[in-house]
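Residue numbers (UniProt numbering): 1 to 236.
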Amino acid sequence: WCPSLDSCYDLSTFICEAVAQHLFPRESDPAYADLPDAHYAYRVCDRLGREALVLLRRALQLPEVYIFAGEWGLATYERVASVAMKNYTPLFTKRDGDRFDRYLADVRESKAMITAGALLSHEILFSSAGEVAELQWRRMMEDLLARGKLCNCIAVCDVFGSMSGEPMDVVVALGLLVSELNEEPWKGCVITFSTEPKLHRIAGNSLQEKTEFMKRMDWRGNTDFQEELTASACND
1 WCPSLDSCYD
11 LSTFICEAVA
21 QHLFPRESDP
31 AYADLPDAHY
41 AYRVCDRLGR
51 EALVLLRRAL
61 QLPEVYIFAG
71 EWGLATYERV
81 ASVAMKNYTP
91 LFTKRDGDRF
101 DRYLADVRES
111 KAMITAGALL
121 SHEILFSSAG
131 EVAELQWRRM
141 MEDLLARGKL
151 CNCIAVCDVF
161 GSMSGEPMDV
171 VVALGLLVSE
181 LNEEPWKGCV
191 ITFSTEPKLH
201 RIAGNSLQEK
211 TEFMKRMDWR
221 GNTDFQEELT
231 ASACND
């Protein structure tokens, strides 16, 4: 594995230079023998990009290879990493819409795979990827449920109005995630963080509907932990 040249990770670690010097040591080419260190490093890093990274990425069928070449019809969507899928969905829809739609249909029918492993729950839930987000959420849940369900626990969600932006996104996403991992009788349920907490069974069929439901849940001031326990005990 090697990051892109001059990427954030490379600039903070100089790992590409280390890899390049390992692949192309000074003794591998007489032209390197008398070069100053900085010039030698520049030469081998350029060679790393041309002779190694481009070929490796094409062999790995990374989407960037086909995006930059305009070869949309050659992109292998099952090989697209989760973050790249989230970021490039608008491009795939615009440039390769018919084939991308067929791929999503295959994922819905479990005939193809979609990745979700590198994304956090709120990154999926509040992405602009639409159906891709739904399918990535489903894949994430399948992967987590394969490890087991949560027993005798329930999420208490603080959806206080001032918690806008990412804090609210994280609360909603983790609350929904825990509710879907729970065993009965808590499956699909959350409790509000409030002075008058209430047990809610999350309504909605899509992620968007469930998200809107959770954001509309009642909240009032601080919380009363005794009331939280009472609310959970009153579950029917």
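Where is the CB? At the ideal position from N, CA and C, for every residue including glycine.
Here the structure is a predicted model, which means the values were calculated and not measured.
Which stretch, first to last residue, makes up the alpha helix (DSSP H) that contains residue i?
i	result
THR211	207–215
CYS157	Unbroken run through CYS157 is the beta strand (DSSP E), 155–157; no alpha helix (DSSP H).
TYR9	8–13
ASP98	97–108
residue 242	A query on residue 242 cannot be resolved here, the shown segment of the chain reaching from 1 to 236 and no further.
LEU53	Looking at the DSSP string, LEU53 is not in any alpha helix (DSSP H), and its letter there is neither H nor E.
ASP143	131–145
LEU176	166–181
Just mark residue i as buried or exposed, buried being the case when its beta carbon has 16 or more other beta carbons within 10 Å.
i	result
CYS153	exposed
PHE68	exposed
LYS94	exposed
ASN205	exposed
LYS149	exposed
LYS86	buried
ARG201	exposed
THR195	exposed
GLY175	buried
SER179	buried
LYS111	exposed
THR76	exposed
THR192	buried
SER128	exposed
SER82	buried
GLU104	According to the sequence displayed, residue 104 carries Leu and not Glu. That one is buried.
LEU119	buried
CYS2	buried
ARG79	exposed
PRO25	exposed
THR13	exposed
VAL107	buried
How long is the line joining the alpha carbons of residue i and residue j, rounded to whole angstroms?
i	j	result
VAL132	VAL171	21 angstroms
ILE15	TYR40	15 angstroms
ALA31	ALA18	19 angstroms
SER121	SER28	48 angstroms
LYS215	ASP158	10 angstroms
PHE126	CYS45	38 angstroms
LEU91	MET141	26 angstroms
VAL190	ASN182	10 angstroms
ARG138	GLU109	12 angstroms
GLY73	GLY97	10 angstroms
ARG102	ILE114	13 angstroms
SER4	TYR42	15 angstroms
Quick check on residue i: does DSSP put it in helix, strand or coil?
i	result
ILE191	strand
PHE91	Here the sequence assigns Leu to residue 91, which means Phe is not the residue at that position. LEU91: helix per DSSP, three-state reduction.
LEU5	coil
LEU35	coil
residue 290	Residue 290 cannot be examined here, being either before or after the span of the chain that is shown, 1 to 236.
Where does the unbroken beta strand (DSSP E) through residue i begin, and where does it stop?
i	result
LEU199	199–201
Does the beta carbon of residue i fall short of 7 angstroms from some heavy atom of the ligand COA?
i	result
ALA112	As for the ligand COA, it is missing from this structure, which has no ligand bound.
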